[in-house]
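Engineer: Quick one: the structure is below, questions incoming.
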């Protein structure tokens, strides 16, 4: 009886000793340089800050150069810009891209912080679709007709990455 009691006690102690958590071993380490990104975004938005919206412009008609003022993409552009329309006061970075409808490239990705307005100016008459929900299964899209060269469109990106026209 004593032998089985001691044997049971030894087995219990072994189980207890091997089941203790080794927090340092089990802990996952993330370096300061790594970014945790738990959202589905296109590769072109990998450098966006995690809470920012991934925006996409797709040119559907025409060939044009688009200037985007207000982006949160300092890694892409270090050129600050500012503009305004109605209640929208725009401050951010200036991005510029040349797009060709039906050609290459016909799309352009950029980052926008939530709650921040931006402006797009076209160098030529063109039509574009814009979304700030790129990577979503059914993103909200807005079609913009730049009827004449120099036309601008002003939008604010809300907390759900939806585009709201500036008034």
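Residue numbers (the working numbering): 0 to 166. Built from N, CA and C at the ideal position, the CB exists for glycine as well.
Pick out the complete beta strand (DSSP E) segments inside the region 42 to 125, 3 residues or longer, and give them in chain order.
Structural biologist: 52 to 60, 62 to 70, 79 to 84, 87 to 99, 106 to 111 and 115 to 121
Engineer: For residue 89, which residues from the same chain have a beta carbon less than 7 Å from its beta carbon, with the 5 sequence-adjacent residues on both sides left out?
Structural biologist: The residue you call residue 89 lines up with position 90 of the chain shown. These residues qualify, in order along the chain: 68, 69, 81, 82, 83, 116, 117 and 118.
Engineer: Say yes only if the C-beta of residue 43 is nearer than 8 Å to one or more non-hydrogen atoms of the ligand SAH, and no if none qualify.
Structural biologist: Because no ligand of any kind appears in the structure shown, any question about the ligand SAH cannot be addressed here.
Engineer: In this structure, does DSSP put residue 166 in helix, strand or coil?
Structural biologist: Along the chain shown, read from residue 1 onward, the residue named residue 166 stands at position 167. Note: residue 166 maps to coil in three-state DSSP.
Engineer: Pull the bridge partners of residue 157 from the DSSP assignment, please.
Structural biologist: As a first step, residue 157 must be located in the chain shown, where it is residue number 158. Per DSSP, none; premise fails for residue 157.
Engineer: I need the boundaries of the beta strand (DSSP E) containing residue 144, first residue and last residue.
Structural biologist: Taking the chain shown and counting its residues from 1, the one referred to as residue 144 is at position 145. Residues 141 to 145.
Engineer: For residue 130, which of helix, strand or coil comes out of DSSP?
Structural biologist: Along the chain shown, read from residue 1 onward, the residue named residue 130 stands at position 131. Reduced to three states, the DSSP call for residue 130 is strand.
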